[in-house]
Amino acid sequence: MKPGDVRIKPTELYSSLLTVFGPQDWWPARTGFEVAVGAILTQQTSWKNVEKAIRELRRKKLLTAKKLAIAKQPAIESCIRPAGFYKQKARRIRLLAQEFPRIRESAKKLKLPELRTELLELDGVGKETADSVLLYAFDFPILPIDAYTHRITQRIYGFDGDYEELRLFYESRLPRDPSILNEFHALLVELAKRNCWKKGPDCQSCPVMGECKPAGSKLK
DNA sequence: GGCCAGGTGTAAA
DNA sequence: TTTACACATGGC
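The letter at position 166 of the first sequence is residue 152 when you use the numbering used here, and the numbering goes up by one with no holes.
If you want it as structure tokens, here you go:
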């Protein structure tokens, strides 16, 4: 099966998931800056542990770009320890906080590709993180591709590709509408969390089980 | 006790 | 261009 050889269309997948799961109301953050911090924290880390880190940053009144930009490294580290890689992430969050005012201004002036380039220049901001910030903090029409999306794509469409291949595959088949892409990504995560690639072929809860390949396909 | 989680940067093959 | 590895805690 090739990328063009689609079983259920992404638009139909979107509709089914929205019907079954309902709106996911993402990203769980209060400000654009919090989106960016969460995006760093969630790298290779479960959202449960990110929540603990966010809560602690908030409790210590550190969860603003202004405060984090001048906070002591150990103060940040002690808050975010549950999210893992805490020394690395503390340094990167501090740098992010220092750059965020400039990024916010760029978001008003620049077009998507240019702003994306700026984000990618930040330490610790790779494609997924950059695209999450673009979509969930600044409302640009772009779809972040995470590990879940790779697995679901493998499962439903029977193929996997690199980051840009998957992003273009979905973006070219969905409306160029940030609210749709926002919801779509969130719904994929919800599906992935409940999904059955771990449970085997008997999974009854997955709304698109009939579209899935049998378990055991090579995952990327 | 082992494996993995909404990745990224660096260095070597 | 691809692959390997470090980074680290917490849940199951």
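C-beta atoms are modelled at their ideal positions from N, C-alpha and C, and glycine is treated no differently.
If contacts are defined as beta-carbon pairs under 8 angstroms, then residue i and residue j qualify, I think. What distance do you get, rounded to the angstrom?
i, j, result
"Leu120", "Arg102", "6 angstroms"
"Leu177", "Ile138", "6 angstroms"
"Arg78", "Ile26", "6 angstroms"
"Leu106", "Ala116", "5 angstroms"
Give the straight-line distance between the Cα atoms of residue i and residue j, rounded to the nearest whole angstrom.
i, j, result
"Leu49", "Tyr122", "17 angstroms"
"Arg159", "Gln29", "27 angstroms"
"Thr135", "Arg180", "13 angstroms"
"Ala39", "Ser32", "11 angstroms"
"Val36", "Glu85", "22 angstroms"
"Gln207", "Asp146", "Any property of residue 207 remains undetermined from this structure, which presents the chain solely from -13 to 206."
"Gln74", "Ile89", "21 angstroms"
"Gly70", "Gln59", "15 angstroms"
"Ser118", "Ala22", "8 angstroms"
"Pro14", "Pro164", "16 angstroms"
"Leu129", "Thr(-3)", "14 angstroms"
"Leu(-1)", "Leu108", "34 angstroms"
At least 3 beta-carbon pairs within less than 8 angstroms: the region 155 to 173 vs the region 9 to 17: yes
Entirely enclosed alpha helix (DSSP H) segments - the region 82 to 109, minimum 4 residues: If we require 4 residues or more, the alpha helix (DSSP H) runs fully inside the region 82 to 109 come out as 98 to 106.
Continuous alpha helix (DSSP H) assignments of at least 4 residues falling wholly in the region -11 to 49: -4 to 7, 18 to 27, 33 to 45
Secondary structure, alpha helix (DSSP H): runs of 4+ residues fully inside the region 132 to 187: Restricted to the region 132 to 187, the alpha helix (DSSP H) segments that are unbroken, complete and at least 4 residues in length are 133 to 143, 149 to 157, 164 to 180, listed in chain order.
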